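Visitor: Its first residue numbered 1, the sequence shown is counted upward by one per residue in full-length UniProt numbering.
For every residue, glycine included, the Cβ atom is placed at its ideal position computed from N, Cα and C.
Since we're looking at a predicted model, the values are computed, not measured.
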Amino acid sequence: MGTLQSRIGFHTSKYRAGGSGEETGPARAGQHGPTHADAVTSVAALKPDLCVSGGRDKSVAVCSWRSGAALRRFVGHEREVTKVASALDSNRVFSASRDKTVMMWELHRTSGPSQHFPGHELVVTGLAVSPDASRLCTGSRDNTVCKWDTETGECLGRAAISRNLVTHLCWVPGEPYIIQTSEDKTIRIWDSRELQVAHTFPAKRHIQTCCDVSQDGRYCLSASSGSAGEGGEATLWDLRQTRNRVREYKGHFQTTTSCVFLPRGPALAPSVATSSSDSTVKVWDRDTGACLATLLLEGSGPLASLAACDSSMLLCAS
Numbered sequence: 001m002g003t004l005q006s007r008i009g010f011h012t013s014k015y016r017a018g019g020s021g022e023e024t025g026p027a028r029a030g031q032h033g034p035t036h037a038d039a040v041t042s043v044a045a046l047k048p049d050l051c052v053s054g055g056r057d058k059s060v061a062v063c064s065w066r067s068g069a070a071l072r073r074f075v076g077h078e079r080e081v082t083k084v085a086s087a088l089d090s091n092r093v094f095s096a097s098r099d100k101t102v103m104m105w106e107l108h109r110t111s112g113p114s115q116h117f118p119g120h121e122l123v124v125t126g127l128a129v130s131p132d133a134s135r136l137c138t139g140s141r142d143n144t145v146c147k148w149d150t151e152t153g154e155c156l157g158r159a160a161i162s163r164n165l166v167t168h169l170c171w172v173p174g175e176p177y178i179i180q181t182s183e184d185k186t187i188r189i190w191d192s193r194e195l196q197v198a199h200t201f202p203a204k205r206h207i208q209t210c211c212d213v214s215q216d217g218r219y220c221l222s223a224s225s226g227s228a229g230e231g232g233e234a235t236l237w238d239l240r241q242t243r244n245r246v247r248e249y250k251g252h253f254q255t256t257t258s259c260v261f262l263p264r265g266p267a268l269a270p271s272v273a274t275s276s277s278d279s280t281v282k283v284w285d286r287d288t289g290a291c292l293a294t295l296l297l298e299g300s301g302p303l304a305s306l307a308a309c310d311s312s313m314l315l316c317a318s
């Protein structure tokens, strides 16, 4: 357990779901050899053919997701890497760690990190990179969210909210807003310009573990903790108009650890994907809530992270 990184291929146009029953769609999984010496904790798309991952082995790896070949490995953290992120098509990779720091790495740099962001008092659990990679927002279990200049490493702002144990951050495309999930069961929208909360969605019943934003900025997804079939749902929220809950996606038996919007290919219905501690990946019709496909990754243990590569390929880490 713990060293699996799977590539999941799927064809949304062929998914089927009828009535209350669930049929497994034509998803298939291909396993790459171990990328890390221990569990993979986070994975993110980097460039059209590349992905970045972080692990309990304290390292960050850049790989070809098509071949599984590791192209670069960055070492510098003193404890396990908790999150990785990048601005799409950027040469900059960011990693957060239990050592309370964030590091920035350059794809074509041969030495250590090009920038270091110390300042949090506890494990860093959230990373959000601006589209131009000039700004970085970080969140921690120390109840704070920080904004950084990636060129200078300067902390441009810090905001603290009691009991706001950050679990995930993501940047809204084309906007100055950041979505944040928390162990206090809420989802917040931050205005990055003044680092103030612009909106708080109604609290859920369970810890919110992860979030993602659609490419058009209209919707966000959040994922819930759960066990024995209680909780574990993903929730779609409206960002543009009502800012209400739109629908829920229920079917996982344990905590939903990751949720992503899938890139929309030609003639494909809008879809989202979730991964869970129950070792399954599910693909859902975004608009109807129907489960279109379920893939059980036997022997993988809890699934930690998902990344969408293109309209027919997902990466799943455990």
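Identify every run of the beta strand (DSSP E) within the UniProt repeat "WD" (74-107), keeping only runs that are complete inside it and at least 3 residues long; order them along the chain.
Guide: Listed in chain order, the complete beta strand (DSSP E) runs (minimum 3 residues) inside the UniProt repeat "WD" (74-107) are 81-85, 92-97 and 102-106.
Visitor: So the candidates are Ile161, Trp190, Asn164 and Gln208; which of them puts its Cα closest to the Cα of Trp171?
Guide: Of Ile161, Trp190, Asn164 and Gln208, the residue nearest in Cα terms is Trp190.
Visitor: Checking the sheet assignment: what are the DSSP bridge partners for Trp171?
Guide: BP columns for Trp171 point to Ile178.
Visitor: Taking only three categories from DSSP, how would you classify Val123?
Guide: Coil, per DSSP.
Visitor: Let me know the secondary structure DSSP gives Gly112 once reduced to three states.
Guide: Gly112 falls in the coil class under three-state DSSP.
Visitor: Candidates Leu136, Arg66 and Val60: which alpha carbon is nearest Ala39's?
Guide: Here the closest residue by C-alpha is Val60.
Visitor: Using a threshold of 9 Å, state whether the C-beta atoms of Gly80 and Asp49 are closer than that.
Guide: The sequence as given places Glu at residue 80; Gly does not occur at that position. It is not a contact, given that the beta carbons lie outside the stated cut-off.
Visitor: Could you give the first and the last residue of the continuous beta strand (DSSP E) run that contains Asp238?
Guide: Ala234 to Asp238 is the extent of the beta strand (DSSP E) around Asp238.
Visitor: For Glu230, name the three-state secondary structure that DSSP assigns.
Guide: The answer is strand: DSSP assigns Glu230 an E or B state.
Visitor: Should Glu23 go down as buried or exposed, given a rule of 16 or more other Cβ atoms within 10 Å for buried?
Guide: Reliability of the predicted coordinates at Glu23 is poor, the pLDDT of 40 falling under 50, and the value obtained from them is presented with this limitation in mind. When all chains shown are included, Glu23 counts as exposed.
Visitor: In the DSSP output, which residue or residues are listed as bridge partners for Glu248?
Guide: According to DSSP, which records beta bridges pairwise, Glu248 is partnered with Thr235.
Visitor: Please state if the CB of Gln215 and the CB of Pro173 are separated by a distance shorter than 9 Å.
Guide: For Pro173 and Gln215, yes; Cβs fall inside 9 Å.
Visitor: In angstroms, rounded to a whole number, what distance separates the CA positions of Cys146 and Leu127?
Guide: Each residue's alpha carbon lies about 10 Å from the other.
Visitor: Just checking my contact of Arg135 with Asp149 at CB under 8 Å: how many whole Å lie between their CB atoms?
Guide: With a Cβ gap of about 7 Å, Arg135 and Asp149 count as contacting.
Visitor: Between His36, Pro270, Ser95 and Val123, which lies nearest to Gln115 when the distance is taken from Cα to Cα?
Guide: With distances taken between Cα atoms, Gln115 lies closest to Ser95.
Visitor: Give me whichever residues DSSP pairs with Trp148 in a beta bridge.
Guide: Bridge partners of Trp148: Leu136 and Cys155.
Visitor: In its own chain, which residues sit with a C-beta less than 8 Å from the C-beta of His199, not counting the 5 before and 5 after it?
Guide: Counting only Cβ-Cβ distances below 8 Å, and skipping sequence neighbours, we find Arg188, Ile189 and Arg243.
Visitor: For Lys185, does the three-state DSSP call read helix, strand or coil?
Guide: Three-state result, Lys185: coil.
Visitor: I need the boundaries of the beta strand (DSSP E) containing Trp284, first residue and last residue.
Guide: Thr280 to Asp285 is the extent of the beta strand (DSSP E) around Trp284.
Visitor: Would you say Thr82 reaches chain C, if we count a Cβ-Cβ gap shorter than 9 Å as a contact?
Guide: The displayed structure is made up of one protein chain only, and chain C is not part of it.
Visitor: Can you tell which of Thr82, His36 and Thr152 has the C-alpha that lies nearest to the C-alpha of Arg73?
Guide: Here the closest residue by C-alpha is His36.
Visitor: Pull up the CB-CB distance for Val75 and Lys100, whole angstroms please, since I reckon it's below 8 Å.
Guide: With 8 Å as the limit, Val75 and Lys100 do not qualify as a contact, their Cβ atoms being about 17 Å apart.
Visitor: In the DSSP output, which residue or residues are listed as bridge partners for His199?
Guide: Its beta-bridge partners are Ile189.
Visitor: Any idea what DSSP makes of Gln254, helix, strand or coil?
Guide: The answer is coil: DSSP assigns Gln254 none of H, G, I, E or B.
Visitor: Is the distance from the Cβ of residue 326 to the Cβ of Cys155 below 9 Å?
Guide: Any question about residue 326 goes unanswered here, given that the chain covers just 1 to 318.
Visitor: Go to Val61, then tell me how far its beta strand (DSSP E) extends in each direction, as first and last residue.
Guide: The amino acid occupying residue 61 in the given sequence is Ala; Val does not appear at that position. Counting along the chain, the beta strand (DSSP E) containing Ala61 begins and ends at Ser59 to Ser64.
Visitor: Leaving aside the five residues before and after Ser276 along the sequence, list all residues of the same chain whose C-beta is less than 7 Å from its C-beta, in chain order.
Guide: These residues qualify, in order along the chain: Gly232, His252, Gln254, Thr255, Thr256, Thr257 and Leu303.
Visitor: Is the Cβ-Cβ distance between Cys309 and Cys259 less than 9 Å?
Guide: No; because the gap between Cβ atoms is not below 9 Å, this pair is not in contact.
Visitor: Please report how far the alpha carbon of Thr294 lies from the alpha carbon of Met103, in whole angstroms.
Guide: Distance between the alpha carbons of Thr294 and Met103 is about 35 Å.
Visitor: Buried or exposed, going by whether 16 or more other CB atoms sit within 10 Å of the CB of Asp287?
Guide: Classification of Asp287: exposed, given that the 10 Å Cβ count is below 16.
Visitor: Around the Cβ of His108, are there at least 16 other Cβ atoms within 10 angstroms (buried) or fewer (exposed)?
Guide: Answer is exposed; the Cβ neighbour count stays below 16.
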